[in-house]
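Asks:
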């Protein structure tokens, strides 16, 4: 037993020693953490694990957690990657547990580091391949989209933004146009108005090199070819005659050509026709060639002929574009004329061309003229000239020689391009006689006589830093050439491998990577360059000094490059969010002295403060309830730039993501707490009454619900409210005569405005709504009684029946009365005083003792119409009628007899006309009356059947009465069987002998 206990103690001691030995062993990592740049090739060695206790064993190292992205060599402990990582799509951090079989394990952290990547322009393959082509009209409007450059950047998720630009813009066949521009943000190409698109000026096609550049300077580019379509948009342009005149002699023969007008159209494939604006009898015009011919003699001896003719000619192209030209034909009198050179004196005259550098006093042209009469000399003089023509040219009055003046010199770039001189040749002895007149047109020819002149060359040396990307712009040299149509080109004098110059733009860029530490790279250059014109006729040289400067290479490193913080929006100001810890490996004070700078947008500028390395909230508090913040997905993304003080300054960016949760802080509020709406009575159901509007400052904004919780709503309720809009509508038609006003209490409750689910923190408000019911004309006038009957004497002169009518919708002053029937000979009228109902009165004495027995009726049945809404909308007027029966008793007065002598009465014949009125109905009325009679008889039969169906003796008249006796029907209160069997058409107070009102149009 003692031996067994001793053996057990020895085993325990051995086990403790073994555990102690394994615990003391430690796995060491060569690099931890590992920062792996994205896009590195698979198989990249990242780090190495080492455990001295398993060194040399064949299967010592392995990962505890499974991963297919990394492998560890089992014998050497070397850790390598198995794929190429993408920072934008793959996880950015991996934690690998390295195990060697002991009790201690080691965690390896691998961080994926973002590497700037160039943009990709391959979304449009033709654009990236340089074959993207489109076609637009030459009158395409300015600033309208033509093409959109589509480029993508995988770094866009990290805040990288693309900028679009046009690198080159070439036009052809004519060069030099700068017509297109590109929006730097959207990449939309459009016309910018610098140079118009004119197909006829030679701009047929444009080639644009478009570039998309990210914030790091990386770019992609492509080519867009824009073809211009020609349209007929140009008017014909006449080539004017010199001074708009033509000189002809009176000896011109009929049919001879006077001149030829010519108009040109810049539009291609355009044909021009000519016509006189007014009818001409003296001259003819060929519509296709423009040749003007003489139709009648120009003999000035004929008093009907004129010395001058003004002609206006219209030119029209095949696109109906027109232009007119007016000129004057001068007819010269022939009297021993001087013989002049025909090219000088006819039509447009002589045209000569001289270079702009013609020397002073140089011969230009000699006018040939002579007088056929012996001993006569001719004289040359200038009649008129164009602007400044006599300042540059002079005419010898004896020889007719035109030569250049000594001063000023000609300059094609600033002077007129054409000069015209009208010269008259006349007999020197007879100064009043002009023999011939002609025009000399001197055209100035451009000469390449100007050298390029530099407008901008940097005076001071240009300092550049090492490691700038190839293609970085250093300077743009600018030179101009005053020669019109001449362009300037640029080149280096000698060979420069480090720099290049654009031949057309003069832009100097870096052509080779510059490394200050490379012994083969100079630290300064003196660049010699040349600007030359077309053909290298003239050139100008210049120099430029470039100095290369060293830069700081090591950026600061931080223990953590991204922070994610979550907190509610009511977190108080001055709350500490995070303290940053960073170091710099540079050894000098200026290069390892670290400063922290908060990079923040304008929205969050006042919300966060960075003091040294501590980030706090303030000075303003967090606000979840903001539309801009909602667009940011309710999170702030802050960047802290950690920089050293080297030259240049190197920095590391720390990303801090702050997510804010919402708190319900505000009650719904409205512009007012009481709303008043008006609604017409009798409006149908679902009619809009009004809308109450409340707002809620909590996000989501105005996410509120409207509910009717009380008030005077009518019975049954007349209103309902749409819960999401606050629109109040009718459930039933209102009647103002029953209820003229309703009161509604509405509760407004916010929804989903807190991180805690509803209804724990919901807020609400109330609104009082008053609905006024507006009156409508829906009640006709009512008269009491509706039927009147009275007796009068024929001599009555005062009102005898007072009407009593009223209207629930209209006051008395808006009721109108008129007699519409039965007023024979207009014997009666309505007499009204003020706004009260009128009374019935007579207009004249009733006649009952007239000549030959003609007399008025003894009974009048008058129909009086009462209409409401006097002066209102006739379409909405309502009316009623009153029947008034008037019985007239004739009243005669006995004439006293006279004792005087009876005079002889002369009997004359007179004609008394009496108009009888009768009713002549249309043809359809008897048919309607017949049908009505048949229906009436059927109704009587039905009533009789209902009354006598139970009588045993009914079988003879009602064959089916026994069947009804077995099942006697039960009449309800609404069936006509319980109605009165007989009705009196007149009121009870009327006399039995009163006839019923048979006039049409009567209604109650």
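Numbering (mature numbering (1 follows the signal peptide of the UniProt record, and there is no 0)), first residue to last: -25 to -1, 1 to 979.
Every residue gets a Cβ at the ideal spot worked out from N, C-alpha and C, and that includes glycine.
Counting C-beta neighbours from all protein chains within 10 Å, is the total for residue 888 16 or more, i.e. buried, or is it exposed?
Replies: Any reading at residue 888 must be qualified, since the residue scores a pLDDT of 45, below 50, and its modelled position is unreliable; the value itself is stated next. The residue in question, residue 888, is exposed, as its Cβ has fewer than 16 Cβ neighbours within 10 Å.
Asks: Flag this pair as yes or no: are the beta carbons of residue 290 and residue 234 separated by less than 8 Å?
Replies: Going by C-beta atoms, residue 290 is not nearer than 8 Å to residue 234.
Asks: Using a Cβ-Cβ cut-off of 8 Å (strictly less than) and excluding sequence neighbours within five positions of residue 262, which residues of its own chain qualify?
Replies: Contacts found: 248, 249 and 250.
Asks: Pick helix, strand or coil for residue 121, following the three-state DSSP scheme.
Replies: Residue state, collapsed to three classes: coil.
Asks: To which residues does DSSP link residue 725 through a beta bridge?
Replies: Residue 725 is bridged to 679.
Asks: In chain order, what residues of the same chain lie with their CB nearer than 7 Å to the CB of residue 644, ignoring the 5 residues before and after it?
Replies: Excluding residues within five positions, the ones whose Cβ falls inside 7 Å are 669, 670 and 740.
Asks: Buried or exposed: where does residue 587 fall if 16 or more other Cβ atoms within 10 Å of its Cβ makes it buried?
Replies: By the 10 Å Cβ count, residue 587 comes out exposed.
Asks: Return the CA-CA distance between residue 46 and residue 103, expressed in angstroms with no decimal places.
Replies: The alpha-carbon atoms of residue 46 and residue 103 are separated by roughly 39 Å.
Asks: Applying the criterion that 16 or more other CB atoms from any shown protein chain within 10 Å of the CB defines a buried residue, is residue 129 buried or exposed?
Replies: By the 10 Å Cβ count, residue 129 comes out buried.
Asks: Mind checking residue 315: buried by the 16 CB within 10 Å criterion, or exposed?
Replies: Classification for residue 315: buried.
Asks: Work out the CA separation of residue 540 and residue 82 for me, nearest whole Å.
Replies: Each residue's Cα considered, the two are about 25 Å apart.
Asks: Spatial neighbours of residue 568 within its chain, please: CB distance less than 6 Å, with the 5 preceding and 5 following residues excluded, ordered by chain position.
Replies: Result list for residue 568: 620, in chain order.
Asks: Tell me the rounded alpha-carbon separation between residue 766 and residue 843.
Replies: Roughly 29 Å between the two C-alpha positions.
Asks: In terms of DSSP beta bridges, what is residue 570 paired with?
Replies: In DSSP, residue 570 forms a bridge with 618.
Asks: Going by the CB atoms, is the gap between residue 157 and residue 139 shorter than 8 Å?
Replies: In contact: residue 139 and residue 157 (Cβ atoms closer than 8 Å).
Asks: Could you tell me the boundaries of the alpha helix (DSSP H) in which residue 318 lies?
Replies: Run containing residue 318: 317 to 320, per the alpha helix (DSSP H) assignment.
Asks: Output the residue ranges of the beta strand (DSSP E) runs that lie fully inside the stretch 218 to 273 and measure 3 residues or longer, sorted by chain position.
Replies: Runs found: 220 to 224, 232 to 235, 247 to 251, 258 to 260 and 266 to 269.
Asks: If you drop the 5 nearest sequence neighbours on each side, which residues of the same chain put their C-beta closer than 6 Å to that of residue 5?
Replies: If we look at residue 5 and ignore the five residues flanking it on each side, its Cβ neighbours are 22 and 23.
Asks: In chain order, what residues of the same chain have a beta carbon less than 6 Å from the beta carbon of residue 118, not counting five sequence neighbours either side?
Replies: 165.
Asks: Suppose the cutoff is 6 Å on Cβ atoms and the five residues either side in sequence are ignored; what does the same chain contact list for residue 634 look like?
Replies: Hits under 6 Å: 541 and 610.
Asks: Helix, strand or coil: which one does DSSP assign to residue 473?
Replies: Residue state, collapsed to three classes: coil.
Asks: Under 8 Å between the Cβ atoms of residue 705 and residue 662?
Replies: Taking 8 Å as the Cβ cut-off, residue 705 and residue 662 qualify as a contacting pair.
Asks: Taking C-alpha atoms, which residue in 452, 34, 421 and 593 lies nearest to residue 515?
Replies: Checked all of 452, 34, 421 and 593; the closest Cα to residue 515 is 452.
Asks: For residue 807, name the three-state secondary structure that DSSP assigns.
Replies: In the structure shown, residue 807 sits in coil (DSSP, three-state: anything other than H, G, I, E or B).
Asks: Might you give, ordered along the chain, the residues of its own chain that have their beta carbon closer than 6 Å to the beta carbon of residue 211, omitting 5 neighbours on each side?
Replies: Counting only Cβ-Cβ distances below 6 Å, and skipping sequence neighbours, we find 238, 240, 247, 290, 292 and 298.
Asks: For the alpha helix (DSSP H) containing residue 100, name the first residue and the last one.
Replies: Residue 100 -> alpha helix (DSSP H) spans 100 to 104.
Asks: Go through its chain and collect everything with a Cβ distance to residue 549's Cβ below 7 Å, but skip five positions before and after it.
Replies: Cβ neighbours of residue 549 beyond the five flanking positions: 591, 592 and 593.
Asks: Quick check for students: name the residue ranges of the beta strand (DSSP E) that lie wholly in the stretch 158 to 197, counting only runs of 3 or more.
Replies: If we require 3 residues or more, the beta strand (DSSP E) runs fully inside the stretch 158 to 197 come out as 163 to 166 and 178 to 188.
Asks: Hey, would you say residue 981 sits closer than 8 Å to residue 331, going by beta carbons?
Replies: This structure does not reach residue 981, given that the chain is present from -25 up to 979, and the question cannot be answered.
Asks: With distances taken from CA atoms, which of 171, 96, 477 and 802 is nearest residue 771?
Replies: Here the closest residue by C-alpha is 802.
Asks: Between the C-alpha atoms of residue 398 and residue 357, what's the straight-line distance to the nearest angstrom?
Replies: Taking the straight line from one Cα to the other gives about 5 Å.
Asks: Suppose you measure from the CA of residue 66 to the CA of residue 87; what does that come to, to the nearest Å?
Replies: Cα to Cα, residue 66 sits roughly 8 Å from residue 87.
Asks: For residue 756 and residue 791, I'd like the C-alpha separation in whole angstroms.
Replies: Near 10 Å, if we compare the C-alpha coordinates of residue 791 and residue 756.
Asks: If I'm right that residue 213 touches residue 236 with Cβ under 8 Å, what's the distance once you round it to whole angstroms?
Replies: Between residue 236 and residue 213 the Cβ distance is about 7 Å, and since that is below 8 Å, they are a contact.
Asks: Grab me the residues of residue 793's own chain with a C-beta within less than 6 Å of its C-beta, minus the 5 sequence neighbours each way, in chain order.
Replies: Excluding sequence neighbours, residue 793 sits near 840.
Asks: Return the residue from the list 544, 203 and 428 that minimises the CA-CA distance to residue 1007.
Replies: For the chain, the structure presents residues -25 to 979; residue 1007 sits outside this window and is missing.
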